[in-house]
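Let me begin by presenting the structure, written as structure tokens, before commenting on it.
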Amino acid sequence: MLNMLATEPLRALLEQAFPAAEELSVVDRTGGGDHFQVTVVSGRFDGLSLVEQHRLVYGALAAPLADGTIHELRISTKGTR
Amino acid sequence: MSELRTQIEQIVSSEPVALFMKGKPDFAMCGNSARALAALRSAGAPVTAIDVLPDPRIRQELSALSSWPTIPQVFIKGELIGGADIVQELAETGELERKLAEALGDDYRAPGSERVVALTAA
Numbered sequence: 125m126l127n128m129l130a131t132e133p134l135r136a137l138l139e140q141a142f143p144a145a146e147e148l149s150v151v152d153r154t155g156g157g158d159h160f161q162v163t164v165v166s167g168r169f170d171g172l173s174l175v176e177q178h179r180l181v182y183g184a185l186a187a188p189l190a191d192g193t194i195h196e197l198r199i200s201t202k203g204t205r
Numbered sequence: 133m134s135e136l137r138t139q140i141e142q143i144v145s146s147e148p149v150a151l152f153m154k155g156k157p158d159f160a161m162c163g164n165s166a167r168a169l170a171a172l173r174s175a176g177a178p179v180t181a182i183d184v185l186p187d188p189r190i191r192q193e194l195s196a197l198s199s200w201p202t203i204p205q206v207f208i209k210g211e212l213i214g215g216a217d218i219v220q221e222l223a224e225t226g227e228l229e230r231k232l233a234e235a236l237g238d239d240y241r242a243p244g245s246e247r248v249v250a251l252t253a254a
């Protein structure tokens with residue numbers, strides 16, 4: 125449950141940013157609540173470069189990135205086409 | 133514009149491959165920086181490494197310039213390629229080598245060309 129406490133707020137932010145995501149997951153990589161792996165598959169990424177795709181994820185998580193909630197973030201994104 | 137910002141811009145635009153990392157190539161202070169470096173090395177990239185740790189302003193100026201919030205950051209001929217995840221993904225698919233050849237020419241591999249640049253304004 126501790127794990128979910130850490131990942132749930134991030135998940136909520138990502139669901140808000142990518143409401144039509146086909147796949148969306150947030151994993152607390154170390155169990156420490158500050159190293160995360162985020163995976164998003166969404167049509168929103170179609171036609172965008174990886175840099176642009178990751179920027180959208182960073183944008184969605186700007187607050188927890190800025191306040192230090194996220195110490196380390198690994199991102200995996202994919203379009204649906 | 134700050135002197136530091138100018139220096140960073142100069143490095144980004146003039147170095148064939150610039151890696152802004154935490155620590156130095158022989159002693160990376162962060163797993164993601166080590167991953168990005170390993171991916172670049174696997175593709176034979178002539179890496180110029182810049183340590184962002186000596187001064188927090190380096191990170192601030194760099195991220196303001198690149199609109200990329202995290203370290204490491206990899207640039208090829210001035211273009212932001214991405215952080216550790218993207219560079220690793222591109223290395224695994226062979227896309228990184230293609231990009232390097234396209235930007236720097238087919239003979240971009242220069243063994244022993246890895247170097248470290250320090251920001252003097254920091």
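Line by line, the protein sequences give chains A and B.
According to our numbering, numbering within the first sequence proceeds without interruption in unit steps and concludes at 205.
According to our numbering, numbering within the second sequence proceeds without interruption in unit steps and concludes at 254.
Just so you know, even glycine gets a beta-carbon here, dropped at the ideal spot from N, CA and C.
message: Let me see if you follow: with CB-CB separation under 9 Å, is residue 168 (chain A) close to chain B or not?
response: no
field: Rounded straight-line distance, which links the Cα of residue 169 (chain A) to that of residue 144 (chain A)
entry: 11 Å
task: Give the single residue among B:138, B:135, B:148 whose Cα lies nearest to the Cα of residue 212 (chain B).
output: B:148
field: Close-in-space but distant-in-sequence residues of the same chain around residue 178 (chain A) (CB under 6 Å, 5 per side omitted)
entry: 199
task: Could you tell me whether the Cβ atoms of residue 202 (chain B) and residue 164 (chain B) are closer together than 9 Å?
output: In this structure, residue 164 (chain B) lies closer than 9 Å to residue 202 (chain B) by Cβ.
query: Whose C-beta lies closer than 8 Å to the C-beta of residue 156 (chain B) among residues of the same chain, with five residues either side of it excluded?
result: Here the set comprises 181, 183, 248.
- request: Indicate whether at least one CB of chain B lies closer than 9 Å to the CB of residue 196 (chain A).
  value: yes
message: Which residue marks the beginning of the alpha helix (DSSP H) containing residue 138 (chain B), and which one marks its end?
response: 135-146
task: Could you spell out the range, first to last residue, of the alpha helix (DSSP H) harbouring residue 183 (chain A)?
output: 174-184
- request: Please go through the same chain and pick out, in chain order, the residues whose beta-carbon is closer than 6 Å to the beta-carbon of residue 185 (chain B), but skip the five residues on each side of it.
  value: 154
- prompt: Shortest alpha-carbon distance to residue 175 (chain A) belongs to which of A:151, A:157, A:203?
  reply: With distances taken between Cα atoms, residue 175 (chain A) lies closest to A:203.
task: Step through the CB atoms of chain B and report whether any lies within less than 9 Å of the CB of residue 175 (chain A).
output: yes
- request: Can you tell me which of the three DSSP states residue 125 (chain A) falls into?
  value: Its pLDDT being 47, under 50, residue 125 (chain A) is placed unreliably by the model, and the measurement read from it follows with that caveat. Looking at residue 125 (chain A) - three-state DSSP - the assignment turns out to be coil, as it is neither helix nor strand.
message: I want to verify the contact list: residues of chain B whose CB lies under 7 Å from the CB of residue 200 (chain A), in sequence order.
response: 217
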